[in-house]
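Peer 1: A single structure is presented below for examination.
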Amino acid sequence: MCAAKRGTERPSATEPGAETTAPAPGAGAPALNLPRQRQDTADGPPALNLLVVGDDPTGVFTAPWFQDGGGPRIRVLRAGNLTAAGRLLTDDVHCILLDLPDVLDGVRHVLRVAPGTAVLVLTDGTDDGGAAAAEAVRVGAQDHLARAEVDAATVTRAVRYAVERKRADLALRKLTETRLLAQENRRLERGLLPTPLLEGADLRFAAHYRPGRSRALLGGDFYDAVRTSDGVVHAMIGDVCGHGPDAAALGVELRIAWRALTFAGLGGDTLLRTMQQVLVHERADDEIFATLCTIDIAPDGRDAGLYLAGHPAPLLAGPGRVPRLLPPEDGGPALGLLPDALSVWQRVPVDLDGEWRLMLYTDGLIEGRVGAGTQRLEQDGMVRLVSRLLAAGLHGDALLDAAVTEVRELNGGELTDDVAVVLLERTGLQP
Amino acid sequence: MDLSLSTRTVGDRTIVEVGGEIDVYTAPKLREQLVELVNDGSYHLVVDMEGVDFLDSTGLGVLVGGLKRVRAHEGSLRLVCNQERILKIFRITGLTKVFPIHTSVDEAVAATD
Chain E
1 MCAAKRGTER PSATEPGAET TAPAPGAGAP ALNLPRQRQD TADGPPALNL LVVGDDPTGV
61 FTAPWFQDGG GPRIRVLRAG NLTAAGRLLT DDVHCILLDL PDVLDGVRHV LRVAPGTAVL
121 VLTDGTDDGG AAAAEAVRVG AQDHLARAEV DAATVTRAVR YAVERKRADL ALRKLTETRL
181 LAQENRRLER GLLPTPLLEG ADLRFAAHYR PGRSRALLGG DFYDAVRTSD GVVHAMIGDV
241 CGHGPDAAAL GVELRIAWRA LTFAGLGGDT LLRTMQQVLV HERADDEIFA TLCTIDIAPD
301 GRDAGLYLAG HPAPLLAGPG RVPRLLPPED GGPALGLLPD ALSVWQRVPV DLDGEWRLML
361 YTDGLIEGRV GAGTQRLEQD GMVRLVSRLL AAGLHGDALL DAAVTEVREL NGGELTDDVA
421 VVLLERTGLQ P
Chain C
1 MDLSLSTRTV GDRTIVEVGG EIDVYTAPKL REQLVELVND GSYHLVVDME GVDFLDSTGL
61 GVLVGGLKRV RAHEGSLRLV CNQERILKIF RITGLTKVFP IHTSVDEAVA ATD
């Protein structure tokens with residue numbers, strides 16, 4: 001939510017159109033310079049500042065303050081019109097009372113320039129005035145009161161009530177916005193994390209996604225896996241740099257582009273080149289790039305082709321083999337970094353052979369802290385951690401859950417970044 | 001953890017010494033610094049990363065954005081880094097092909113390619 005922006009300019013004693021009944025501390029000094037939540041006088045109760053906007057033809061607001069009982073008293077500031085009121089509208093003004101011919105316009109104006117300040121409207125007691133007052137409350141004023149009823153008790157009660165009600169309204173609005181943001185994030189997450197389309201494939205798929213520390217910083221991690229009609233299984237994981245709804249939305253677009261291009265028969269360098277075009281056209285600013293790891297597994301599950309675009313290499317494990325990272329650093333650049341002519345992505349052949357487990361992940365899994373210092377888990381630490389869990393017999397969802405949980409624990413709490421992990425397994429084959 | 005930034009000029013080069021962790025929370029500070037330098041007419045930047053403990057993808061994005069800004073003025077952005085774990089991030093993402101990376105500030109200042 002945006003903080004209310006308001007002019008902080010203080011009126012001078014000679015400001016035309018602006019007058020105030022607050023006592024001037026000295027000649028030439030600003031006529032109004034109240035700190036927020038100011039104690040009115042050394043021994044008086046705290047005051048609420050009421051800014052009365054209008055001509056006040058009957059002079060009911062000439063008194064410098066209203067007081068009734070022991071609660072906060074109401075200090076009165078006056079402005080002849082909305083322009084003059086703008087100069088007096090500081091954070092110290094708790095409530096505005098509009099006494100204007102076109103009160104609806106006035107309410108809309110005040111809500112725009114001072115969205116955090118309570119608003120009252122003054123009516124003249126006629127039917128038309130009453131209708132206008134009701135309408136003013138509908139568009140955002142807290143209450144209305146009739147000119148004939150203005151006295152210390154009514155004004156004090158109306159201002160206190162309006163200020164409290166405004167606080168409640170703002171709190172409710174903030175809550176609603178937070179809820180909407182959470183819903184928005186959930187929608188984006190669903191777009192980032194699809195159901196894989198692997199029917200007929202002779203392998204198992206598991207995935208785990210965990211948003212980072214701040215829900216408001218939803219990241220752009222995404223993954224997908226599909227099997228094309230030729231029996232090839234295509235799996236992918238990626239990460240849009242940066243956080244927030246823009247990064248997440250771009251992640252959704254890239255995932256859908258990948259799926260569409262894969263079903264259309266594109267792969268490898270051509271696919272990455274097209275993805276790069278999509279990214280360059282869709283990104284919000286030049287800083288944004290995306291890393292991607294994509295792998296195509298042959299129908300017999302015995303070999304695969306790996307493409308890395310600026311992405312950390314996957315982990316290959318399996319019965320009887322030491323878990324290891326696939327070729328570590330000879331991938332191509334992340335998408336969106338280099339001009340097309342300089343972007344080259346090479347297919348890295350991977351000999352899977354027999355039974356295997358292949359784990360794709362985003363950098364959230366390797367960037368967590370280890371202890372209180374500056375040390376991070378990094379790829380080597382992650383490989384050791386996952387090797388230990390594999391040796392303990394974990395696989396599938398349980399393996400991913402345990403790995404992410406342990407990385408979080410090492411980090412000493414929720415990770416800053418999102419984490420996505422995808423596991424493809426081909427084990428337990430019938431001889 | 002925070003990010004420290006200090007700048008100095010050597011000839012027509014501006015050295016930006018970065019210390020601490022560049023992540024999603026601190027990267028905006030580095031971005032502001034680079035934008036400010038370019039707005040003030042410093043188009044040949046040397047970012048000294050020797051004091052950087054951590055760099056994530058948001059930080060990489062800020063460096064890429066900085067490079068695009070100086071290039072718009074025919075300028076340059078060179079990095080100074082000898083730390084293997086930071087260099088590895090540049091290699092994995094392909095940024096070694098984007099940024100000239102030097103082993104010392106002197107070398108970066110002298111470079112003219």
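Line by line, the protein sequences are chains E and C.
Read in order, the letters of the first sequence are residues 1 to 431 in UniProt numbering.
Read in order, the letters of the second sequence are residues 1 to 113 in UniProt numbering.
Ideal placement from N, C-alpha and C gives every residue a C-beta, glycine not left out.
Owing to the predicted nature of the structure, the values given are computational and were not obtained by experimental measurement.
#1: Which residues of chain C have a Cβ atom closer than 7 Å to the Cβ of ALA334/E, listed in chain order?
#2: Give the secondary structure of TYR43/C by DSSP, where H, G and I count as helix, E and B as strand, and everything else as coil.
#3: Could you tell me the distance, in whole angstroms, from the CA atom of VAL76/E to the CA atom of GLY220/E?
#4: Taking the C-alpha atoms as reference points, what is the distance between MET275/E and ARG179/E?
#5: Tell me the rounded alpha-carbon separation between TYR223/E and ASP239/E.
#6: Rounded to whole angstroms, what's the CA-CA distance from THR291/E to PHE205/E? Just pull it up for me.
#7: Would you identify the three-state DSSP class for PRO323/E, choosing helix, strand or coil?
#8: Does LEU34/E have its Cβ less than 8 Å from a Cβ in chain C?
#9: Determine the chain C residues that contact GLU287/E at a beta-carbon separation under 7 Å, and present them in chain order.
#10: Have a look at GLN33/C and GLY61/C and give me their C-alpha separation to the nearest angstrom.
#11: Does the count of Cβ pairs from the stretch 353–368 of chain E and the stretch 419–430 of chain E closer than 8 Å reach three?
#12: Which runs of the alpha helix (DSSP H) spanning at least 4 residues fall entirely within the stretch 378–427 of chain E, listed in chain order?
#13: Does the CB of THR58/C have a neighbour CB from chain E at under 8 Å?
#14: Do you know how far the Cα of LEU170/E is from the Cα of TYR161/E?
#15: With 9 Å as the limit, tell me which residues of the stretch 72–93 of chain C have their beta carbon closer than that to any beta carbon of chain E; keep them in chain order.
#16: THR374/E touches chain C at which residues, Cβ-Cβ below 9 Å?
#17: Is there a Cβ from chain E that is less than 8 Å from the Cβ of GLY41/C?
#18: For a contact meaning CB atoms closer than 8 Å, what does ASP202/E contact in chain C?
#19: Helix or strand or just coil, what does DSSP make of GLU21/C?
#20: Could you have a look at ILE366/E and say whether DSSP puts it in helix, strand or coil?
#21: HIS243/E touches chain C at which residues, Cβ-Cβ below 9 Å?
#22: Would you check if the distance between the CB atom of LEU400/E and the CB atom of HIS208/E is smaller than 8 Å?
#23: With a threshold of 8 Å, are at least 3 pairs of Cβ atoms found where one atom belongs to the stretch 147–163 of chain E and the other to the stretch 47–56 of chain E?
#24: In terms of residue numbering, what span does the alpha helix (DSSP H) encompassing ALA225/E cover?
#25: Report the neighbours of GLU367/E on chain C: residues whose CB is nearer than 7 Å to its CB, in chain order.
Peer 2: Let me lay it out:
#1: Stepping through the first sequence from its first residue, residue 334/E is reached at position 334. Per Cβ cutoff of 7 Å: THR93, GLY94.
#2: Within the second sequence, numbered from 1, the residue matching residue 43/C stands at position 43. Residue state, collapsed to three classes: coil.
#3: Looking up residue 76/E in the first sequence gives position 76. Looking up residue 220/E in the first sequence gives position 220. Distance between the alpha carbons of VAL76/E and GLY220/E: 52 Å.
#4: Along the first sequence, read from residue 1 onward, the residue named residue 275/E stands at position 275. Along the first sequence, read from residue 1 onward, the residue named residue 179/E stands at position 179. Roughly 33 Å between the two C-alpha positions.
#5: Reading the first sequence from its first residue, position 223 is the one you call residue 223/E. Reading the first sequence from its first residue, position 239 is the one you call residue 239/E. Roughly 9 Å separates the two Cα atoms.
#6: The residue labelled residue 291/E in the question sits at position 291 within the first sequence. The residue labelled residue 205/E in the question sits at position 205 within the first sequence. In a straight line, the C-alpha of THR291/E is about 21 Å away from that of PHE205/E.
#7: Residue numbering aside, residue 323/E sits at position 323 when the first sequence is read from its first letter. Here PRO323/E sits in strand by DSSP.
#8: Residue mapping note: residue 34/E aligns to position 34 of the first sequence, counting from 1. Reliability of the predicted coordinates at LEU34/E is poor, the pLDDT of 37 falling under 50, and the value obtained from them is presented with this limitation in mind. Taking Cβ atoms only, chain C never reaches closer than 8 Å to LEU34/E, which makes this a no.
#9: The residue given as residue 287/E occupies position 287 in the first sequence. Residues of chain C passing the Cβ test: GLY61, VAL62, VAL64, GLY65.
#10: Taking the second sequence and counting its residues from 1, one reaches residue 33/C at position 33. Taking the second sequence and counting its residues from 1, one reaches residue 61/C at position 61. So the two alpha carbons sit approximately 14 Å from each other.
#11: Counting Cβ pairs under 8 Å, three or more are found: they touch.
#12: The qualifying runs are 378–391, 396–411.
#13: Mapped onto the second sequence, residue 58/C falls at position 58. By this cut-off, THR58/C is an interface position.
#14: Indexing the first sequence from 1 puts residue 161/E at position 161. Indexing the first sequence from 1 puts residue 170/E at position 170. Rounded to whole angstroms, TYR161/E to LEU170/E spans 14 Å at the Cα level.
#15: Taking 9 Å as the upper bound on Cβ-Cβ separation, chain E lies near residues ARG85, LYS88, ILE89, ARG91, ILE92, THR93 of the stretch 72–93 of chain C.
#16: On the first sequence, residue 374/E is found 374 positions in, with the first residue counted as 1. Simply MET1, GLY20, GLU21, ASP53, PHE54.
#17: Mapped onto the second sequence, residue 41/C falls at position 41. So, not an interface residue.
#18: As a position in the first sequence, residue 202/E is number 202, starting the count at 1. Residues of chain C whose Cβ lies closer than 8 Å to the Cβ of ASP202/E do not exist, since the nearest Cβ in that chain is about 31 Å away.
#19: The count along the second sequence starts at 1 and reaches residue 21/C at position 21. In the structure shown, GLU21/C sits in a strand (DSSP, three-state: E or B).
#20: In the first sequence, counting from the first residue as 1, residue 366/E sits at position 366. It is coil, neither helix nor strand.
#21: Mapped onto the first sequence, residue 243/E falls at position 243. Going along chain C in sequence order, the residues near HIS243/E (Cβ under 9 Å) are VAL24, THR58.
#22: In the first sequence, counting from the first residue as 1, residue 400/E sits at position 400. In the first sequence, counting from the first residue as 1, residue 208/E sits at position 208. Closer than 8 Å, so yes.
#23: Yes, the stretch 147–163 of chain E is in contact with the stretch 47–56 of chain E.
#24: Residue mapping note: residue 225/E aligns to position 225 of the first sequence, counting from 1. No alpha helix (DSSP H) holds ALA225/E; the beta strand (DSSP E) holding it covers 219–227.
#25: Here residue 367/E is taken as the residue at index 367 of the first sequence, counted from 1. Going along chain C in sequence order, the residues near GLU367/E (Cβ under 7 Å) are ASP56.
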